[in-house]
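Numbering (the numbering used here), first residue to last: 112 to 274. Just below is one structure, and these are the notes that go with it.
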């Protein structure tokens, strides 16, 4: 096991850094707004649902962890691991999210799926979301605002686990 860990750290370029579990660093990049923006806070469950894709290094290559986050309830839905973050992987994730028994399917007020990219797939995603009364919002800064608590918590978890 220790040999495997050393190989992984070497592959990730973190063999001399004990604070990096397997060399994983989560970066929080988002364009900074020109002025201080006031973002709407969720006022009910499922008002905004942010889609996150986190890249995890493995010995076989990167793994892409797809998840959806409801900031109002501080709840994560439908974690799925894929070999890539291709359009097909994202669409499959959204389809499975809609089928997830924990994901409320009868949301009278609707919900907004917030993404930071993938605008070119908007029509295909909307066809999956329309029967659920869902809409799309592509806004990198708002997405970053919603997902930052999850990313920080995930990074702390990996640091604790890597020690």
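Don't be surprised by glycine CBs; every beta carbon is placed ideally from N, CA and C. Every value quoted in this text rests on a predicted model; they were computed, and no experiment measured them.
- In the DSSP assignment, what residue or residues form a beta bridge with residue 181? Position 70 of the chain shown holds residue 181. BP columns for residue 181 point to 186.
- Query: What are the boundary residues of the beta strand (DSSP E) that includes residue 258?
  - Reply: If you number the chain shown from 1, residue 258 lands on position 147. Note, residue 258: premise wrong, no beta strand (DSSP E); alpha helix (DSSP H) at 251-273.
- Message: Taking contact to mean 3 or more Cβ pairs, one atom from each stretch, closer than 8 angstroms, check whether the region 181-193 and the region 145-164 are in contact.
- Response: yes
- Can you tell me whether residue 265 is buried or exposed, with buried defined as 16 or more other CB within 10 angstroms of its CB? Here residue 265 is taken as the residue at index 154 of the chain shown, counted from 1. Answer is buried; the Cβ neighbour count reaches 16.
- Message: How far does the alpha helix (DSSP H) with residue 233 in it extend, from its first residue to its last?
- Response: Taking the chain shown and counting its residues from 1, the one referred to as residue 233 is at position 122. Its alpha helix (DSSP H) spans residues 233-240.
- What separation, rounded to the nearest whole angstrom, lies between the Cα atoms of residue 214 and residue 267? Against the chain shown, residue 214 aligns to sequence position 103. Against the chain shown, residue 267 aligns to sequence position 156. Each residue's alpha carbon lies about 26 angstroms from the other.
- Can you tell me whether DSSP reads residue 174 as helix, strand or coil? If you number the chain shown from 1, residue 174 lands on position 63. It is a strand residue.
- CB-CB length for residue 239 against residue 205, believed under 8 angstroms: The residue labelled residue 239 in the question sits at position 128 within the chain shown. The residue labelled residue 205 in the question sits at position 94 within the chain shown. At roughly 5 angstroms, the Cβ-Cβ gap stays under 8 angstroms, so residue 239 and residue 205 are in contact.
- Item | Touch test, the region 223-238 against the region 254-264, Cβ-Cβ under 8 angstroms, three pairs minimum | yes
- Does DSSP classify residue 139 as helix, strand or coil? Residue mapping note: residue 139 aligns to position 28 of the chain shown, counting from 1. Only weak support exists for where residue 139 lies, its pLDDT of 44 falling under 50; the coordinates are left without a value.
- Message: Can you check which of these residues, 246, 162 and 245, is closest to residue 201 by C-alpha distance?
- Response: Working through the chain shown from its first residue, we reach residue 201 at position 90. Selected option, being the one with the closest Cα: 162.
- Where do the ends of the alpha helix (DSSP H) carrying residue 201 lie? Residue 201 sits at position 90 when you count from the first residue of the chain shown. Its alpha helix (DSSP H) spans residues 198-210.
- Can you tell me the Cα-Cα spacing of residue 263 and residue 243, whole angstroms? If you number the chain shown from 1, residue 263 lands on position 152. If you number the chain shown from 1, residue 243 lands on position 132. So the two alpha carbons sit approximately 30 angstroms from each other.
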